[in-house]
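The opening position of the sequence shown corresponds to residue 322 in this note's numbering, with each subsequent residue numbered one higher.
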Amino acid sequence: MLGSSEFFNAQNFYWALAGFIFWCVGYFNFLKKPELSAPSNLIRKTKLKLFAKSMVFLAGVIAWGLIGYALMGPREPMGKVQSQKEMNDIYFVVDVSRSMFAEDFPPNRIEAAKQRIKEFVKLSPVDRIGIIMFSDEVYTLIPATTDLGLVEKSVDDIRIGPLGAGTNIGDALGLAIARSTSSIAENKAVILLTDGASNVGLLSPSQAAQKAKELGVRIYTIGIGGDPRAKLPMGRDAFGRKRYAKMPGGSMDFETLENIAKISQGKSFVAGNNEALQDVLKEIEKLERKKIDVSGRVIYKELYLRYLALGLLSLMVVEGLRRLVLREVSA
């Protein structure tokens, strides 16, 4: 038992040692002046008395040894709890150009994307999730955080309009990658949702993808829609009816999206409707569910109480013998 034990705080043994020294001072009367007492002096001189006193002292040593051992906090390892923790840092990079108002997804592409992002967040209770919006300009709506309730609320703030009308995929991915590299998470990914082709920005999509590969950040690309006949609302006419226009710009650049995913060792998807978008995000959630073994805490069986009780009981017996048998301590 003693050989297999570990100690919580071995330094505490010195407190017991100090107590033992004070006890020895009292036991041997080092600080007392010798007194003349005929009956007592005659008894102490007998061999039986000396032997008894030696045995009682030895018992006192054992008692203080047990107390000292208990104060060191002996404990026996019962085993190591191994756990698996799923660790992910995920950035959503969401296109908020005007074409995301297209109504081939009810009620429109951007609202459908927002709803599916919220569903994804609920499926990822142990992840850190952040959101970046882009059009002409790029904006961090919320940095990656474990406060997923705040992330869900932030999704409602994804809006079309304030960042211009272009599609700046390269710079948006660059910002997400830069933010991911400062994270301590083991697993990092970016989910790009767009319905267009990159047409502005300093960083090209392929350059961003190459940087992601170098830094170990996977990019999943999702092409939303892709139907050139999708209706894009442009306000209402004099009778209150919705007016529609053709989709601005060219069609979705599927080749670039596939290239981004391939370079960064991610995966490319196309979601032609609401249900497909839901399925795509569920698949990405499964792909990103990377399990990492982490050392759990060691479970100990605490042993100090038994030794402390035994030591105190022994010391009480020793003091009882001194008073009742050796009659060294006056009442």
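A virtual CB, placed ideally from N, CA and C, is assigned to each residue, including glycine.
For this session: Can you give me the start and stop residues for the beta strand (DSSP E) that valine 538 sits inside?
Result: First-last of the beta strand (DSSP E) with valine 538: 538-545.
For this session: Taking the CB atoms as reference points, tell me whether leucine 602 and alanine 433 lie closer together than 8 Å.
Result: No; because the gap between Cβ atoms is not below 8 Å, this pair is not in contact.
Problem set entry | Segment limits, alpha helix (DSSP H) that includes aspartate 416 | Aspartate 416 -> not in any alpha helix (DSSP H); beta strand (DSSP E) instead, spanning 410-416.
For this session: Using only alpha-carbon positions, find the residue among Ala337, Val377, Ala384 that is nearest to alanine 630.
Result: Relative to the Cα of alanine 630, the nearest Cα in the group Ala337, Val377, Ala384 belongs to Ala384.
For this session: Output yes or no for whether 8 Å exceeds the beta carbon distance between serine 527 and isoleucine 490.
Result: For serine 527 and isoleucine 490, no; Cβs fall outside 8 Å.
For this session: Report yes if the CB atom of valine 417 is closer than 8 Å to the CB atom of isoleucine 453, and no otherwise.
Result: In this structure, valine 417 lies away from isoleucine 453, with their beta-carbon atoms at least 8 Å apart.
For this session: Would you list the one or two residues that DSSP bridges to alanine 566?
Result: DSSP lists Leu553 as partners of alanine 566.
Exercise. On the three-state DSSP scale, how would you describe methionine 637?
Worked result: Helix.
Problem set entry | Run of the alpha helix (DSSP H) containing leucine 494, from where it starts to where it stops | If you look at leucine 494, you'll find it in the alpha helix (DSSP H) that goes 490-502.
Exercise. Closest by CA to valine 447, which one among Arg430, Thr466, Asp457, Ile498?
Worked result: Nearest in C-alpha terms to valine 447, of all of Arg430, Thr466, Asp457, Ile498, is Thr466.
Problem set entry | Straight-line gap, isoleucine 450 to isoleucine 463 (C-alpha atoms, nearest Å) | A direct Cα-to-Cα measurement between isoleucine 450 and isoleucine 463 gives close to 8 Å.
Exercise. Does DSSP put methionine 454 in a helix, a strand or coil?
Worked result: It is a strand residue.
Exercise. Would a C-beta distance cut-off of 8 Å place isoleucine 545 and arginine 430 closer than the cut-off?
Worked result: At the C-beta level, isoleucine 545 and arginine 430 come within 8 Å of one another.
For this session: Provide the residue span of the beta strand (DSSP E) that contains serine 475, from first to last.
Result: Here serine 475 belongs to no beta strand (DSSP E); instead the alpha helix (DSSP H) covers 469-476.
Problem set entry | Residue from Leu494, Asn508, Leu392, Ala423 with nearest C-alpha to threonine 542 | The shortest C-alpha separation from threonine 542 is found at Leu494.
Exercise. Do you know how far the Cα of leucine 513 is from the Cα of serine 475?
Worked result: Going from the Cα of serine 475 to the Cα of leucine 513 covers about 17 Å.
For this session: Give the single residue among Lys534, Asp478, Asp477 whose Cα lies nearest to the Cα of threonine 502.
Result: Closest option to threonine 502, Cα to Cα, is Lys534.
For this session: Tell whether a beta-carbon distance below 8 Å holds between aspartate 425 and aspartate 548.
Result: Inclusion of aspartate 425 and aspartate 548 in the CB contact set at 8 Å is warranted, their separation being smaller than that value.
Problem set entry | Cβ pair leucine 496, glutamate 458 closer than 8 Å | Cβ distance not < 8 Å, so leucine 496 and glutamate 458 don't count as in contact.
For this session: Would you tell me roughly how many angstroms separate the C-alpha atoms of threonine 515 and lysine 443, rounded to the nearest one?
Result: Distance between the alpha carbons of threonine 515 and lysine 443: 22 Å.
Exercise. Measuring CA to CA, which of Arg437, Gly394, Val382 is closest to glutamate 604?
Worked result: Of Arg437, Gly394, Val382, the residue nearest in Cα terms is Arg437.
Exercise. Phenylalanine 590 bridges to which residues according to DSSP?
Worked result: Phenylalanine 590 is bridged to Ile543.
Problem set entry | Own chain, CB closer than 8 Å to isoleucine 498, minus 5 neighbours either side, in chain order | Only Val511, Ala529, Lys532, Ala533, Leu536, Val538 meet the Cβ criterion.
Exercise. At what residues does the alpha helix (DSSP H) containing valine 459 begin and finish?
Worked result: That residue, valine 459, is in no alpha helix (DSSP H); its beta strand (DSSP E) goes 459-466.
For this session: Let me know if alanine 359 comes out buried or exposed under the rule of 16 or more other beta-carbons within 10 Å of its beta-carbon.
Result: Any reading at alanine 359 must be qualified, since the residue scores a pLDDT of 46, below 50, and its modelled position is unreliable; the value itself is stated next. Around the Cβ of alanine 359, a 10 Å sphere holds fewer than 16 other Cβ atoms; the residue is exposed.
Exercise. Given 8 Å as the limit, is there contact between the stretch 553-564 and the stretch 587-598, that is, 3 or more CB pairs closer than that?
Worked result: With a cut-off of 8 Å, the stretch 587-598 and the stretch 553-564 do not count as touching, because too few Cβ pairs lie within range.
Exercise. Taking the C-alpha atoms as reference points, what is the distance between leucine 379 and tyrosine 621?
Worked result: Near 32 Å, if we compare the C-alpha coordinates of tyrosine 621 and leucine 379.
Exercise. Do alanine 578 and serine 585 have their C-beta atoms closer together than 8 Å?
Worked result: In the sequence on display, residue 578 carries leucine and not alanine. The Cβ atoms of leucine 578 and serine 585 do not sit closer than 8 Å to each other.
Problem set entry | Cβ shell of leucine 642 (< 6 Å), same chain only, five flanking positions each side left out | Excluding residues up to 5 positions away in sequence, Val377 lie with their Cβ nearer than 6 Å to the Cβ of leucine 642 in the same chain.
Problem set entry | 7 Å CB neighbourhood of valine 382 in its chain, flanking five on each side removed | For valine 382, where only same-chain residues beyond five positions count, there are no Cβ hits under 7 Å.
Exercise. Expressed to the nearest angstrom, what Euclidean distance is found between the alpha-carbon atoms of lysine 607 and proline 398?
Worked result: Across the structure, lysine 607 and proline 398 are spaced so that their CA atoms are roughly 36 Å apart.
Exercise. For the alpha helix (DSSP H) that contains proline 442, what are its first and last residues?
Worked result: Note that residue 442 corresponds to valine in the displayed sequence, not to proline. Segment 430-443, the alpha helix (DSSP H) holding valine 442.
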